[in-house]
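Protein chains in written order, with my numbering: chain A, 39 to 399; chain B, 288 to 778. Here the structure comes first, spelled out in structure tokens, and everything after it is commentary.
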């Protein structure tokens, strides 16, 4: 049973979080998919992965943003911000995935999502998962069918390795759906951007999520920790340090791949002198005043240490996997499904000795 | 449990929640591939170095105050994560191997990490395997598995033993168990009882006579323990004068002449000795020195001219032929008197043993530094032991026992110590593996001891010392004890 503070939820008493769980039926499907996929593993032997936890801090979405939004020319407009403290709830969502093993025919990965609520600087969190998945050539169609059901454009020839990001994204969209459909007059923080029609961000799904959020007077703000938006071949994050924060730079006339849809206006946001600058996407359909107001409410009601919202930082912390958890998941798999764990020699170490290692040594 | 690594005679084992391994317990590593097993003892339990644990703890620390929340984990993977988090590393010492069902002291082989099965070795099995309990069992107490620990009295025979630990941990209690155990097997024990703790060995806690009542002979110097001069040989008396009363060499030679003259006349008595010194023709300084020692002997109350009240130690020993204890109650004796009495007893013992008039004896010496002269320490581990005095030292100040005693001790019973200096001293004992002793002893609860040495066949065993239904004696008097407070009108 979830115990979550009653915020600005829908008036119908029955329709409180996680009521939409039942409506969307996705969690049970995810659990079933997880268990079904794992049942194929019974008696097999699996090879644990050496997980690069530094690399994990960069989410798949971030890498995608970096690849897609390499703008060539744009003009900028600076908007100074004034924090508004009015107890507007801040809700942050993040999802992490990790590949923790592989067999001869597939991969083992796990997904976990988290939501952090901040009201009057009181933080509450809700974590879902981890959900382990085994995806191989034999069962990948089951995963693909589920993804297609939720409008993900997935090719039948998709490599099992790419399924990890898809499953992660699917879980994230489900959590976002729940939050957007159950919260009112809140600031909803997503990790990533509002760039749609990418392989992990179906246009229909993102549009629908934003629409639901708008209908309940929510504002969706999407933060990207890294971006390749540049100006005169320099990162805009570097150029903007001379203006005293807090401010927003709106990035206009941006050129990008015609297959992509920017569902939000793209800004560079900087909230603190001693912080960083981040790319911030705000729902394009929201009036400009409301956009600015939403950001001002964010910095007025949430901690923004290093210019990054604390709620989103906590959501990331609660969803991300630690090395200890990876071992725990491997232990679960080995015990529940009677798997034999193999440790394959590290070829890099064997070839290059002490020079063939990364941060793990 | 999983074998992690081996370095020298130390083995590291990964242990998971539910696998019950405590400090001091024994594990057996069975490698069926080579049909061998290794016996190891857990000397320390540490947290396993789990990767990512710092992040995990930091994240959990949010839950302590600023952030509340909950997790939905339908597959209950969290329990597995917590299981890994709670893994511990057992630091173990190798104590031998089992080959063809026989115990061998070979620790040079390496068990397989993959094939080896690790399980707890019940102390009972270890005791049987190492034949610790022989034909003359003395029950010391029990293990944490509630199994009895018995040692063989043969393991104390001809041996030098140490019982040490900080105050109030149960040293004297164990010492009493050994004394009574030896009496049970018809041995003669002598207890140099500094605090009058052993005087009630023959009484139960409710004051009734127990089975040992008639075998406990309490001798209190000056009261029921007095000797006449003819009972003392010149050799013993000279030792008393030289070592206990610091008589100089010249005076000692003069005393020897006086003594021989009285002995030849058949007038060896305190009175005659005083008269002889008074009338003896010698240097005035020598005379003064002899007189001062004579008065010290008189004031001790230990010597008498009345043969009716004199006690023959020889006869007392004969009474213990079928087992018994001679408790020398030194609780009310002054330091000098203590030394006089102990010099007499040890001198007499040597005399009787060298003439084979009595059987070997087990000597229990509490806080021996308070009455044992310097030269006796070496004597005890060499000549006296050879003659048949098998000593057990009991002390809460390990630094008061000479280093060579530690080095030659055959059995060491260690109670709790926390002080680094004390731990460093006890680690000098030859029978003690330094790491084992320091690690286990530091965490021993009261009334638990670590037995080391011949008595446990060099398999250190933690024993919860058994209770004894004895009347306690020599208790520390307390100011705030109820009776005392009532007596002085406080309550």
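Ideal Cβ positions, reconstructed from N, Cα and C, are used throughout, including at glycine.
| Query | Result |
| --- | --- |
| Could you give the DSSP three-state label for residue 335(B): helix, strand or coil? | coil |
| Pull out every residue of the segment 703–736 of chain B whose Cβ sits closer than 8 Å to any Cβ of chain A, in chain order. | none |
| So residue 169(A) and residue 149(A) are in contact, right, with Cβ under 8 Å, and what is the actual spacing, rounded? | 5 Å |
| How far does the alpha helix (DSSP H) with residue 693(B) in it reach, from first residue to last? | 690–695 |
| If the criterion is Cβ atoms closer than 9 Å, does the pair residue 140(A) and residue 85(A) meet it? | yes |
| If you draw a straight line from the C-alpha of residue 516(B) to the C-alpha of residue 650(B), how long is it? | 24 Å |
| Tell me the rounded alpha-carbon separation between residue 422(B) and residue 691(B). | 31 Å |
| Per DSSP, which residues does residue 86(A) bridge with? Please list them. | 139(A) |
| What separation, rounded to the nearest whole angstrom, lies between the Cα atoms of residue 592(B) and residue 564(B)? | 17 Å |
| Taking Cβ-Cβ distances shorter than 7 Å, what residues in chain B pair up with residue 362(A)? | 337, 338, 339, 340, 343, 368, 371, 372 |
| In or out: residue 663(B) buried (at least 16 other Cβ within 10 Å) or exposed? | buried |
| So for residue 505(B), helix, strand or coil by DSSP? | strand |
| Am I right that residue 325(A) and residue 227(A) are in contact with their C-beta atoms under 8 Å? What's the rounded C-beta distance? | That belief does not hold up - the Cβ atoms of residue 325(A) and residue 227(A) are roughly 20 Å apart, past 8 Å. |
| Could you check what DSSP says for residue 306(B) in three-state terms: helix, strand or coil? | coil |
| Listing by chain order, which chain A residues have their CB less than 7 Å from the CB of residue 355(B)? | 162 |
| Do the segment 403–422 of chain B and the segment 312–327 of chain B touch if we need at least three Cβ pairs shorter than 8 Å? | yes |
| Say whether the segment 614–625 of chain B touches the segment 479–493 of chain B, bearing in mind that this needs 3 or more beta-carbon pairs closer than 8 Å, one atom from each stretch. | yes |
| Can you tell me which of the three DSSP states residue 597(B) falls into? | coil |
| In chain B, which residues lie with their C-beta within 7 Å of the C-beta of residue 172(A)? | Here the premise fails: no neighbours, minimum Cβ distance about 13 Å. |
| For residue 701(B) and residue 365(B), which I take to be in contact (beta-carbon distance under 8 Å), what is that distance rounded to the nearest angstrom? | With a Cβ gap of about 42 Å, residue 701(B) and residue 365(B) do not count as contacting. |
| Which chain B residues sit within Cβ distance under 9 Å of residue 366(A)? | 364, 365, 366, 367, 368, 369, 370, 371, 372 |
| May I ask which residues mark the beginning and end of the alpha helix (DSSP H) holding residue 198(A)? | 198–220 |
| If you measure between the beta carbons of residue 675(B) and residue 633(B), is that distance less than 9 Å? | no |
| Shortest alpha-carbon distance to residue 575(B) belongs to which of 551(B), 587(B), 535(B), 555(B)? | 535(B) |
| Helix, strand or coil: how does DSSP classify residue 126(A) here? | coil |
| Could you tell me the distance, in whole angstroms, from the CA atom of residue 655(B) to the CA atom of residue 370(B)? | 51 Å |
| Starting from the C-beta of residue 520(B), find all residues in its chain whose C-beta is less than 7 Å away, skip the five residues before and the five after it, and write them out in chain order. | 638 |
| At a Cβ threshold of 9 Å, is residue 168(A) touching chain B? | yes |
| So which residues of chain B does residue 220(A) contact, with C-beta pairs closer than 7 Å? | Ordered by position in chain B, no residue passes the 7 Å Cβ test against residue 220(A), which lies about 16 Å from the chain. |
| I want to verify the contact list: residues of chain B whose CB lies under 9 Å from the CB of residue 225(A), in sequence order. | Those do not exist, as residue 225(A) stays about 18 Å from chain B at its closest Cβ, beyond 9 Å. |
| Name the residues in the segment 226–238 of chain A whose C-beta lies less than 9 Å from a C-beta of chain B; which are they? | none |
| What's the gap between the Cα of residue 322(B) and the Cα of residue 443(B)? | 35 Å |
| Please compile the residues from chain B whose C-beta is within a distance smaller than 7 Å of the C-beta of residue 369(A). | 367, 370, 371 |
| What are the start and end residues of the beta strand (DSSP E) that includes residue 649(B)? | 648–653 |
| Just checking: is the beta-carbon of residue 402(B) within a distance shorter than 9 Å of some beta-carbon in chain A? | no |
| Are there three or more Cβ pairs, one per stretch, closer than 8 Å when the segment 323–333 of chain B is compared with the segment 383–400 of chain B? | yes |
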